[in-house]
Structures are given as C-alpha cells and as structure tokens.
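Numbering (the UniProt record's numbering), first residue to last: 1 to 971. Beta carbons: idealized from backbone N, C-alpha and C, even for Gly. Fair warning: this is a prediction, and the values are worked out from it, not measured in the lab.
Here it is as structure tokens:
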C-alpha cells in the first residue's frame with residue numbers, strides 16, 4: 001500500500017468558492033471563521049475535511065464511532081507525534097467552522113444556536129438533536145466543561161480533562177481507566193475504656209442517634225469519622241464527635257424523593273477539625289529578652305542608623321512546631337560564603353549535584369550572592385600557582401594599583417598584562433600535598449557548578465553581564481600546563497562557550513585573545529571548545545563577529561585540521577571559517593597566511609563529504625505484451641529431422657515445448673494447433689513409415705506438457721448468432737522456436753528487396769547458431785560461394801549491409817568482403833547474446849523438463865518471449881546530508897551538515913576576494929604581462945568541472961553552486 005501523501009491545500013476554483021461560501025455563512029451567523037486552521041504546523045484544507053467527514057456519514061456519525069477522528073487524521077495525511085491531540089484538534093476545527101454549515105447544506109435543517117455550538121467545546125456529538133431545552137442546562141453545570149455530555153465516548157473526541165472520581169469500587173471499569181483508587185485507610189482498634197454499664201444519659205443519647213438512621217448507614221459514617229480525624233484521642237476531637245452523635249438522625253437525614261438529588265450532595269460529609277498550632281505573643285511578661293531586642297532595633301531605626309545586617313529577622317529558636325530551618329539552597333549558599341573549609345566542602349558537594357540534576361530550576365538571579373561566592377572560590381586557584389591573591393573590587397573609584405585586585409564593575413582591561421607579570425611558584429605536578437589537593441577539588445567543584453548552571457540560557461545571559469567571570473576565564477586558561485588543572489581549564493572553556501553568544505568582543509578583548517591562544521593547543525577537546533566559543537561570539541546580539549587579529553599560525557592550524565577524519569572538528573573549523581571569511585580584511589589575511597588554492601580545492605572536496613552514490617532506474621516505456629497469434633512458426637530444417645526421429649507421444653511433447661509457451665491470458669484454437677502439427681510432420685512421417693497421434697489424443701497431450709493449459713469451449717456472438725469455438729486456453733505460439741535443449745533459434749533480419757514484396761520485409765530464416773547464420777547470409781543474401789580451397793574469396797566490390805536498422809553501410813560502399821562480414825558478425829553476435837539470455841531464462845523455467853514437470857516457482861522465474869521489456873534509463877546522482885525545514889515541513893529537504901558549511905565558505909571567499917588589495921595587485925600584474933584573471937579565476941577555474949558535476953548530480957546543492965557561479969562570473 002502506497003504511503004498517504006502529506007496534507008496540502010489545493011487552491012482550486014472549487015476551493016476558493018467553498019471558502020467564500022463559508023465566509024458569508026459565518027458572517028450571517030455571527031460566528032468567528034478561520035479559513036486556514038492548523039493542526040500542528042500544517043494548514044488544513046477545509047474542503048477536503050468537509051468531503052472526507054461527510055463521506056463517512058457526517059459529524060455525528062464520525063463522533064459516535066470510537067477513534068474515528070484518528071482515522072480522519074490519517075486519511076487527510078496530517079502527521080503528528082500525538083495522534084490523540086491531533087484528532088481532537090481536527091474535530092474542533094470541523095466543529096467550529098463546518099458543523100453548522102453541514103447541518104444547513106447537507107441535512108437541510110436549522111443548526112443549533114451558537115451559544116450551544118460554536119461557543120462551547122467540541123466534546124460530544126448529537127448536533128442534529130441538540131436544542132436549548134435538552135442541552136442548555138449543561139452550560140452552567142459546576143465542575144464540568146461547557147456542553148459536556150455524560151454519555152461521551154472514551155475515544156479521541158473528548159476534551160482531555162481530569163477524570164472525576166467514580167462512585168464505584170476501584171475494580172470498576174471507569175476506575176481502571178483513570179487514576180488508581182486510594183486504598184481505604186485502616187482504623188486502629190481502640191478498646192472501649194468506659195464503664196461497661198451505660199448511664200441513662202448515654203443510653204438515651206445512643207437511642208436518639210439511631211432513630212431514623214439505619215445501622216448499615218451509621219457504620220460507614222463512623223469509619224469515615226475515624227479516617228478523617230487522625231487525632232481521635234484529642235479532647236477537642238472527642239467533643240466534636242460527641243456533638244455529632246447528639247445531633248442524631250438529622251445528620252444523615254434523607255429527605256423524601258431523594259432520587260432527585262445528586263449523589264454528591266447526599267454523600268457529603270463535612271471535614272473534621274484541623275489542629276492549629278498556637279504561638280504565644282512576645283510580651284515583656286513572657287519574653288523580656290526578645291521584647292528588649294525589638295525595642296532596641298526600633299530606637300536604632302528612629303535615630304537613622306538602620307538595623308545591623310543580619311539582625312532584622314532572627315531565626316526562631318529550635319523546637320517551635322512548623323519551623324524546619326532554611327532549605328538546602330539557602331544552606332549551601334550560606335556555607336559557601338562562610339569561608340569554613342568543611343562548610344565549603346558541604347556546599348560545593350551539594351551544589352554540583354543540584355546544578356546537574358536541577359539545572360533547569362536553579363538560577364543565579366534567584367539566589368543573590370551565589371555567583372560572587374562561586375567566582376571568589378575559583379579565583380583562589382591563583383594563590384596555588386602564583387604569589388597573588390585575586391580579589392574583586394566593586395569600588396568605581398579604585399585605582400587598581402594592586403595586581404590581584406580585579407575590577408568588578410567593568411572588568412579588568414589589563415588582566416593579561418597582570419597575568420604576564422606574575423611569578424609562578426615552584427611546584428611538582430606529580431606530587432601534591434593533601435591541602436593542595438583538597439583545595440583543587442573544591443575549586444574544580446565550584447567551576448563545575450558554574451559550568452552546569454550556565455548551560456541554562458537564563459543563567460548564561462545573567463552571567464554574561466558579570467565582568468569578573470570573564471576575568472576568571474582568562475586567569476584559569478593561563479594557568480601552568482599541569483595535569484592537575486586540566487579539568488578546571490575544560491570547565492572554563494565550557495563556560496566561555498555558553499557566554500560568548502551574549503558577548504560583543506573586539507580584537508583587543510582579553511577573553512577573545514585568550515580563546516585565540518587556545519588554538520595552539522594539542523588537546524582536541526581544548527581546540528574544539530575554543531573554536532566553538534570563537535565562532536559563536538555575539539550570535540544573540542546585533543553586532544557582527546569580525547574575528548580580527550587572528551594569528552596566521554592559527555589559520556594554518558585550522559586548514560590542517562580540515563584534513564583530519566574528524567567530522568566534529570571539521571564542522572567546528574568550517575563554522576569558524578564561515579564567520580572569518582565574511583569580513584573582507586580577514587580574506588586578505590587568509591590569502592597571505594595559507595595557500596588559498598589548496599584551501600579552495602579541499603573545500604570543494606568537502607562538498608561531497610559523506611555523499612552516497614544512488615543508482616535509480618527511470619522507466620521510459622513500460623513493458624508491453626505482444627498479442628497472441630494463430631500462426632505457428634515453421635519447423636527449421638535441422639530441428640525437423642530430430643523430431644521426426646522421435647516416436648509418439650515424445651514427438652508431440654517435444655514439439656509443444658519447442659513451439660509453444662505458457663500464457664494464462666492467451667489461447668489458440670484446437671483446429672489451428674492440430675493443423676500446424678499435421679503440416680509440420682505428416683509428409684515427413686509418412687516418408688519414414690512412422691505413425692502420428694490422432695486429434696483427440698493430441699489435444700489431451702497438451703495438458704500433459706503444460707498443466708495450466710486446457711481445452712475449453714468459448715462462445716462468441718457473431719452476425720450469424722452465437723458460435724462455439726473450441727480452444728486451448730493457457731498457451732500461445734512462440735515468436736522464435738527453441739531447441740529441445742532450450743536454446744532459442746536466431747531469426748535472420750536481412751531486408752529483402754524483391755519486386756512486388758512489401759517494403760522492409762525481412763528474411764526470417766531460423767538457424768540454430770551464429771555459424772549457420774553466417775553461412776546463410778554469405779551464401780543466400782550475398783551470393784558468394786566457396787573456392788576450391790574451401791574458403792570464400794575476399795572480393796573487393798560494392799557491398800551494403802541490410803541487417804535490420806543498420807545505417808553504417810546502408811548505401812553501397814566499395815570494400816572487401818572480409819570487412820563487410822566482420823561488420824555483419826557484430827550483428828550476429830548481438831542477436832546471439834539476446835537469444836542466449838532469453839533461452840537461459842527459459843531453461844530456468846523448465847524448458848528441458850519432462851511432461852508435467854513445469855512448477856509454479858520456475859514459472860515465476862521464466863522470462864516470456866512475448867513480453868517486450870521496459871525501456872529504462874539508469875540515473876546516477878549524489879545524496880548528502882539533508883534536513884527538513886521545521887517551519888515548512890512540506891517543502892523539499894534542504895542541504896545541511898559539512899557540505900553546506902563548505903559551500904557557504906566558498907561563497908564568502910568568491911564574494912570578498914575581489915574586494916581585497918591582493919586582487920588589485922594581481923590585476924596589475926596581468927596588465928604588465930602576467931597571468932590573466934583575478935583571484936576567482938585563479939582559485940575556481942581548475943575546479944569548474946567538479947563544481948558543474950556536483951550541481952547536476954546533487955539536487956540539494958543546485959541553488960548554492962549556481963549562486964557561487966554567479967559570483968565567479970561577476971568577477
């Protein structure tokens with residue numbers, strides 16, 4: 001079954017007329033109308049939707065059938081990851097736009113008013129019988145959706161709402177489809193500790209409580225009281241329960257005609273009392289210390305001194321009910337800022353887990369001081385390797401004379417100069433003290449926490465506005481090349497990769513220069529992250545990423561990395577080159593830093609990166625089946641002698657196999673096949689004194705050779721009335737006979753020109769092999785005879801080739817006989833190869849089998865001679881990585897991946913290389929007698945054949961290569 005085509009809007013005249021009618025209808029009705037609603041990202045054709053739904057009986061019938069709207073989604077080709085949501089959306093579209101129109105035009109009835117149709121949800125059905133009397137009371141029903149029907153189906157046509165808790169037991173059908181029922185709460189047995197003898201008051205109370213209340217109803221009520229009131233031993237609860245029992249039967253009183261009341265109202269039970277903790281009010285009498293503290297704070301505020309930090313709100317003393325202390329986030333923040341090693345270890349251990357597991361909720365702006373605390377902790381790494389204590393100063397008037405004092409407001413512009421003046425401490429990377437190792441662990445955990453948190457875009461944007469973090473990245477990346485700080489440096493690079501999209505960095509920015517210096521590394525992870533960070537600078541800003549002052553060594557490294565078999569690294573290098581070549585001055589630097597011819601040649605090779613060669617057979621003409629004929633091919637002379645030598649019925653079997661083949665749709669008259677058999681063997685058999693089969697026995701033998709064939713009587717209407725025709729159904733005469741061994745005979749295609757003969761009449765003589773055909777042509781058609789030596793004389797005269805449609809020697813040409821026969825051998829060999837392929841297929845089909853040996857499996861493999869094969873053409877093309885546009889899923893796939901990045905870099909080079917000073921210098925050399933053409937001529941001319949090949953064989957890159965050619969020609 002062919003896949004359903006994707007849904008599109010066919011803007012035919014019928015569609016435009018239908019939309020116009022719908023628009024006028026909704027304007028008259030006073031309802032909203034959306035001519036092109038959407039299911040997901042796909043616009044819906046309302047005409048197709050209207051036709052499909054009405055073909056299945058209309059809105060009511062489709063809504064009554066379970067999961068029928070899902071079937072509508074599939075029939076319309078609306079693909080979605082959530083079929084239930086798509087089905088309900090499609091139902092709502094029909095309900096809002098087409099339901100009333102269907103009732104008016106298809107059913108010729110008055111539709112319900114908009115108040116109970118378009119203005120309510122699409123849940124339910126029965127629109128043809130919906131009226132204000134039978135539906136209007138549901139509009140204001142509490143706890144339910146507008147227009148909800150309690151008899152709605154459980155398919156896709158219902159609005160997804162929270163299911164109501166059923167009144168049945170948890171094993172009921174509805175409960176099994178919804179949430180699992182909560183198990184009944186157990187009631188702990190409490191023995192009666194009261195006196196065994198009841199007093200008069202308690203007896204009267206109990207009797208009054210049971211009056212009008214059945215015993216079967218009072219027991220569940222008591223259980224519910226135990227279940228909803230956990231503090232059964234509390235005096236207040238016991239008193240409330242006694243008051244309930246004192247009310248007696250009025251508490252569960254059922255009024256007459258209770259069938260008219262809701263089950264919810266009848267079973268309503270008031271909630272039990274909730275214990276509220278009472279907190280004493282601080283007064284001079286019960287808490288003189290707290291009262292004196294508050295009075296002191298009031299006096300300080302009145303004097304204008306303000307309250308000391310941290311004393312505005314003292315934490316309540318332990319033991320107060322309901323107070324559990326600060327949450328883990330606040331505790332970690334306080335521990336981090338405390339400066340106590342044990343507290344810092346506790347905080348950082350939890351912060352790493354929190355930032356990894358709850359990174360989508362943990363934000364810097366929700367916890368003031370968290371960014372500062374983590375940054376200050378990571379800055380402590382400076383004192384481990386240098387004689388410096390990095391601190392952050394937020395004083396704008398600070399002169400910054402101290403090397404370790406970082407400017408926290410605008411960032412430290414000379415941070416790289418300060419780092420260069422530092423003197424490293426003597427240390428061995430292989431041996432570390434316990435304190436140094438512990439400090440490095442805490443510092444790395446702090447950096448890892450920042451790295452985890454900035455993966456959230458909100459945190460990355462927040463930290464991009466925090467200048468000390470940029471200074472921190474520069475400090476960490478300029479640490480000594482020790483193994484102990486490798487993880488810390490990778491964390492810093494990951495942080496930079498997340499921050500650079502929100503930053504605008506010029507060529508002299510310390511962070512930009514630091515990232516460029518990482519391109520000299522030999523660590524693949526460092527190079528890859530640095531390239532990504534540089535290529536993503538200012539993506540989310542309006543400023544361009546100019547990438548100035550890139551060292552020539554870095555450009556040469558990027559070119560060398562393109563040669564590696566590393567897709568991830570190649571992709572990062574191409575992204576960098578795409579940003580870099582977008583600026584004219586950068587292209588000028590690139591021409592001098594690398595060999596541009598080699599770069600362009602490799603970029604052209606990357607256009608076929610990961611390409612697959614696809615071979616597709618395109619059918620030009622479909623295969624044809626030749627009509628059957630009543631004429632049977634005459635028996636060739638060499639085959640006749642072999643058949644006459646056989647006895648009956650073997651002669652009959654062999655003749656049928658050689659001159660007929662199976663065809664379930666063909667037939668031949670019994671008289672025609674019998675006459676063909678008689679004319680072929682009667683005279684020769686009589687001369688050899690052999691016997692022949694009779695007609696009846698001959699007809700029966702046909703079914704022995706071909707099981708699918710059989711004698712039938714066919715009735716036909718003619719001018720003289722109904723005529724009976726005796727036929728053999730299931731066989732047909734071969735176009736060319738085959739030998740008993742299964743080899744197909746060759747037919748002579750030499751054109752015969754005789755007076756009175758039709759034009760283009762061919763010889764048609766049948767021979768068994770190519771040698772016999774050669775002898776036939778040279779003796780019969782050319783009239784040559786062998787000499788005394790048994791060879792044909794090589795005469796030189798005018799000859800012509802009249803084989804089939806040959807045009808090489810169609811006119812008489814002066815040549816030797818040997819030259820002509822060499823040419824004719826080519827025709828004979830081609831005919832023999834064609835016959836060999838047919839005969840080999842026929843042999844697989846059981847050509848040599850004994851009578852009745854033809855099987856169904858061999859019949860499927862057999863190639864029939866009456867079928868003219870289809871004419872096909874093999875198309876070969878390339879396929880590279882493609883992707884679909886999420887905004888337009890119905891559009892053709894677009895180029896993607898490494899080939900797309902390569903062609904974009906080539907276009908940048910072709911566009912900007914003509915604007916450089918090197919272009920002018922090259923043109924001046926041309927005027928002075930040098931090599932002609934500019935840089936585009938020099939770079940792209942040798943690669944034009946390959947570019948044309950890619951443009952013709954890769955459909956996704958046709959437009960990109962064409963635009964590249966336009967840039968080259970404009971030069």
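Legend entry - Closest residue to residue 79 among 100, 124 and 8 (Cα-Cα distance): Counting from 1 along the chain shown, the entry for residue 79 is found at position 79. Selected option, being the one with the closest Cα: 8.
Legend entry - Neighbour-count burial assignment, residue 831, 16 or more Cβ in a 10 Å radius: On the chain shown, position 831 is the one that residue 831 refers to. Buried, because 16 or more other Cβ atoms sit within 10 Å of the Cβ of residue 831.
Inset, instruction - Going by CA-CA distance only, name the one from 911, 486, 912 and 938 that's closest to residue 922. - result: Numbered from its first residue, the chain shown carries residue 922 at position 922. Residue 922 has its Cα closest to that of 938, out of 911, 486, 912 and 938.
Legend entry - Euclidean distance between Cα positions of residue 716 and residue 709: In the chain shown, the residue the question calls residue 716 occupies position 716. In the chain shown, the residue the question calls residue 709 occupies position 709. Their backbone Cα atoms lie some 20 angstroms apart in a straight line.
Legend entry - Anticipated Cβ contact below 8 angstroms, residue 329 with residue 367, distance rounded: Numbered from its first residue, the chain shown carries residue 329 at position 329. Numbered from its first residue, the chain shown carries residue 367 at position 367. Yes, residue 329 and residue 367 are in contact; Cβ-Cβ is about 6 angstroms, under 8 angstroms.
Legend entry - C-beta contact flag for residue 297 and residue 375 at 7 angstroms: In the chain shown, counting from the first residue as 1, residue 297 sits at position 297. In the chain shown, counting from the first residue as 1, residue 375 sits at position 375. Taking 7 angstroms as the Cβ cut-off, residue 297 and residue 375 do not qualify as a contacting pair.
Legend entry - Segment limits, alpha helix (DSSP H) that includes residue 439: Indexing the chain shown from 1 puts residue 439 at position 439. 434-454 is the extent of the alpha helix (DSSP H) around residue 439.
Inset, instruction - Please go through the same chain and pick out, in chain order, the residues whose beta-carbon is closer than 6 angstroms to the beta-carbon of residue 963, but skip the five residues on each side of it. - result: Sequence index remark: in the chain shown, residue 963 carries index 963 (1-based). Hits under 6 angstroms: none found.
Legend entry - Segments of 4+ residues assigned as alpha helix (DSSP H) that fall wholly inside the stretch 867-917: 897-912
Legend entry - Coarse secondary structure for residue 666, derived from DSSP in three states: Taking the chain shown and counting its residues from 1, one reaches residue 666 at position 666. Of the three classes helix, strand and coil, the one that applies to residue 666 here is strand, per DSSP.
Inset, instruction - Counting only the same chain and skipping the five closest in sequence on each side, list residues whose C-beta sits under 6 angstroms from that of residue 497. - result: Position 497 of the chain shown holds residue 497. 529, 532 and 533.
Inset, instruction - Within 10 angstroms of the Cβ of residue 956, are there 16 or more other Cβ atoms? Answer buried if so, exposed if not. - result: The residue labelled residue 956 in the question sits at position 956 within the chain shown. So residue 956 ends up on the buried side.
Inset, instruction - Tell me whether residue 424 sits in a helix, a strand or coil according to DSSP, three-state version. - result: By 1-based counting over the chain shown, the position of residue 424 is 424. Residue 424 falls in the strand class under three-state DSSP.
Inset, instruction - Just the C-alpha distance for residue 538 and residue 515, rounded to the nearest angstrom, thanks. - result: What you label residue 538 is simply residue 538 of the chain shown in a count that begins at 1. What you label residue 515 is simply residue 515 of the chain shown in a count that begins at 1. Rounded to whole angstroms, residue 538 to residue 515 spans 14 angstroms at the Cα level.
Legend entry - Which listed residue (480, 799, 491 and 641) has its alpha carbon closest to that of residue 449: Here residue 449 is taken as the residue at index 449 of the chain shown, counted from 1. The shortest Cα separation from residue 449 among 480, 799, 491 and 641 belongs to 491.
Legend entry - Neighbourhood of residue 663 by C-beta distance below 8 angstroms, restricted to the same chain and skipping five residues each side: For the purposes of this step, residue 663 is taken as the residue at position 663 of the chain shown. Excluding residues within five positions, the ones whose Cβ falls inside 8 angstroms are 628, 730, 731, 732, 864 and 866.
Inset, instruction - Give the straight-line distance between the Cα atoms of residue 417 and residue 611, rounded to the nearest whole angstrom. - result: Locating residue 417 in the chain shown gives position 417, where the first residue counts as 1. Locating residue 611 in the chain shown gives position 611, where the first residue counts as 1. Those two C-alpha atoms are separated by around 49 angstroms.
Inset, instruction - Pick helix, strand or coil for residue 655, following the three-state DSSP scheme. - result: Taking the first residue of the chain shown as position 1, residue 655 is located at position 655. Reduced to three states, the DSSP call for residue 655 is helix.
Inset, instruction - Output the distance between the C-alpha atoms of residue 654 and residue 783, rounded to the nearest integer angstrom. - result: In the chain shown, residue 654 corresponds to position 654, counting from 1. In the chain shown, residue 783 corresponds to position 783, counting from 1. Cα to Cα, the separation comes out at about 35 angstroms.
Inset, instruction - Determine the extent of the beta strand (DSSP E) in which residue 611 is found, giving its start and end residues. - result: One-based indexing of the chain shown puts residue 611 at position 611. Note, residue 611: premise wrong, no beta strand (DSSP E); not H, not E.
Legend entry - Coarse secondary structure for residue 367, derived from DSSP in three states: For the purposes of this step, residue 367 is identified with residue 367 of the chain shown, where counting begins at 1. Three-state DSSP puts residue 367 in coil, outside helix and strand.
Legend entry - Among 410, 501 and 943, the one whose alpha carbon lies nearest that of residue 457: Along the chain shown, one-based indexing puts residue 457 at 457. That would be 501, whose Cα lies nearest to the Cα of residue 457.
Inset, instruction - Grab the span of the alpha helix (DSSP H) containing residue 354 for me, first residue to last. - result: The sequence position of residue 354 within the chain shown is 354, counting from 1. From DSSP, the alpha helix (DSSP H) with residue 354 extends over 341-357.
Legend entry - Three CB pairs or more closer than 8 angstroms across the stretch 54-69 and the stretch 87-107: yes
Legend entry - As assigned by DSSP and simplified to three states, the class of residue 198: Position 198 of the chain shown, counted from the first residue, corresponds to residue 198. For residue 198, the pLDDT reaches just 44, beneath the cut-off of 50, and the residue's location in the model is therefore unreliable, although a value from the coordinates is still provided. Coil at residue 198, not helix or strand.
Inset, instruction - Determine the contact status of residue 692 and residue 685, defining contact as a CB-CB distance below 7 angstroms. - result: Within the chain shown, the letter at position 692 stands for residue 692. Within the chain shown, the letter at position 685 stands for residue 685. The answer is yes: Cβ separation under 7 angstroms.
Legend entry - Cut-off 7 angstroms between Cβ atoms - residues of its own chain near residue 599, not counting five sequence neighbours on either side: Translated into positions along the chain shown, residue 599 becomes position 599. Answer for residue 599: 559, listed in chain order.
Inset, instruction - Quick one: grab the DSSP three-state call for residue 388. - result: By one-based count along the chain shown, residue 388 stands at place 388. Here residue 388 sits in coil by DSSP.
Inset, instruction - Would you tell me roughly how many angstroms separate the C-alpha atoms of residue 523 and residue 566, rounded to the nearest one? - result: For this step, residue 523 is matched to residue 523 along the chain shown. For this step, residue 566 is matched to residue 566 along the chain shown. If you take the alpha carbons of residue 523 and residue 566, they lie about 14 angstroms apart.
Inset, instruction - Check whether the Cβ atoms of residue 518 and residue 443 sit closer than 7 angstroms, and answer yes or no. - result: Counting from one through the chain shown, the residue named residue 518 turns up at place 518. Counting from one through the chain shown, the residue named residue 443 turns up at place 443. No; because the gap between Cβ atoms is not below 7 angstroms, this pair is not in contact.
Legend entry - Length of the line joining the Cα atoms of residue 338 and residue 889: Here residue 338 refers to the residue found at position 338 when the chain shown is read from its first residue. Here residue 889 refers to the residue found at position 889 when the chain shown is read from its first residue. The straight-line gap from Cα to Cα measures roughly 55 angstroms.
Legend entry - Other residues of its chain near residue 873: CB distance less than 7 angstroms, five sequence neighbours each side excluded: Against the chain shown, residue 873 aligns to sequence position 873. Around residue 873: 618 and 620.
Legend entry - Cβ shell of residue 480 (< 7 angstroms), same chain only, five flanking positions each side left out: On the chain shown, residue 480 is found 480 positions in, with the first residue counted as 1. Once the five neighbours on either side are set aside, the close Cβ partners of residue 480 are 385 and 424.
Inset, instruction - Tell whether a beta-carbon distance below 7 angstroms holds between residue 494 and residue 536. - result: For the purposes of this step, residue 494 is identified with residue 494 of the chain shown, where counting begins at 1. For the purposes of this step, residue 536 is identified with residue 536 of the chain shown, where counting begins at 1. Not in contact: residue 494 and residue 536 (Cβ atoms no closer than 7 angstroms).
Inset, instruction - Out of 454, 394 and 437, point me to the one whose CA is closest to residue 359's CA. - result: Taking the chain shown and counting its residues from 1, one reaches residue 359 at position 359. The option with the nearest alpha carbon to residue 359 is 454.
Inset, instruction - Would you mind reading off the limits of the beta strand (DSSP E) that contains residue 957? - result: For the purposes of this step, residue 957 is taken as residue 957 along the chain shown, with counting starting at 1. That residue, residue 957, is in no beta strand (DSSP E); it is neither H nor E in DSSP.
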